[in-house]
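In this text, residue positions in the sequence shown follow our numbering: the first is 106, and each later residue adds one.
By construction, the Cβ of each residue, glycine as well, lies at the ideal position given by its N, Cα and C atoms.
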Amino acid sequence: MTPQQLSRIREEFTREGVMICFNGAFAHSIIEEIGNALRRYLQEQEEKKSAALDVFSVYIEQAQNIRAYLARKQFREPEAANAIIVIARKGDRYVVSSGNIVEAGDQPELAGRLEQIRSTDAAGLRKMFKERLRADTRSANGGAGMGLIEVARRCAEPLQFAFHPVDEGHAFFCLTAVV
């Protein structure tokens, strides 16, 4: 990477309010270190504890979802096994965005779950969360399906998501949460 390229990236990050960005393999230790850096940053900014907890929780949930999905799929191509997470400040809000490769066959179910969550109000999300908690059921991927609900409950705006085709069998999945 040339100094000019790095300078352009820095300028773009500054313009977009990016505080933390990681692109690569999501190991547990990486998630933990980024979480520690985020926690320190929020403390230095003297954020309210509730706001800091919301941002931190959304980051952890998104990072763990990526790590679990990639571990389950065990993509052979190094590029497919990498992911990105970006934490930015926009005015008085924080934006946590993540992206990773997903199998095209997983897209309809994931999009359906996210649409259901997006279209549910705060009271409905609370009810949905409690029902999942009481049901104590595990989905086919091993989770109880509560993580995305919890992210949505902490957001100031509906979750945003998109799928961008990569090839015939894969898409790049992006999820953005505004806290």
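Item, Value
"Residues of its chain near phenylalanine 234, where Cβ-Cβ distance is below 8 Å and the 5 sequence neighbours each way are ignored", "Met251, Ile254, Glu255, Arg258"
"Inter-residue Cα distance where the pair is alanine 249 and glutamate 151", "Model confidence at alanine 249 stands at a pLDDT of 49, short of 50, so the residue's coordinates are unreliable; what they give is reported in the following sentence. Whole-angstrom Cα-Cα distance: 34 Å."
"Outcome for serine 203 when other beta-carbon atoms lying within 10 angstroms are tallied against a minimum of 16", "buried"
"Three or more C-beta pairs below 8 Å linking the region 160-180 and the region 128-135", "yes"
"Pair within 8 Å by beta-carbon distance, glycine 129 and tyrosine 164", "no"
"Three-state secondary structure assigned by DSSP to alanine 249", "Legend: pLDDT at alanine 249 = 49, less than 50; position of this residue unreliable, no value from coordinates given."
"Cα-Cα separation between phenylalanine 127 and valine 191, rounded to whole angstroms", "7 Å"
"For alanine 276 and aspartate 211, the rounded distance between their alpha carbons", "9 Å"
"Minimum C-alpha distance to arginine 223 - residue among Val283, Leu264, Phe278, Ala168", "Leu264"
"CA nearest to the CA of phenylalanine 266, picked from Gln179, Val207, Leu230", "Val207"
"For aspartate 159 and cysteine 260, the rounded distance between their alpha carbons", "8 Å"
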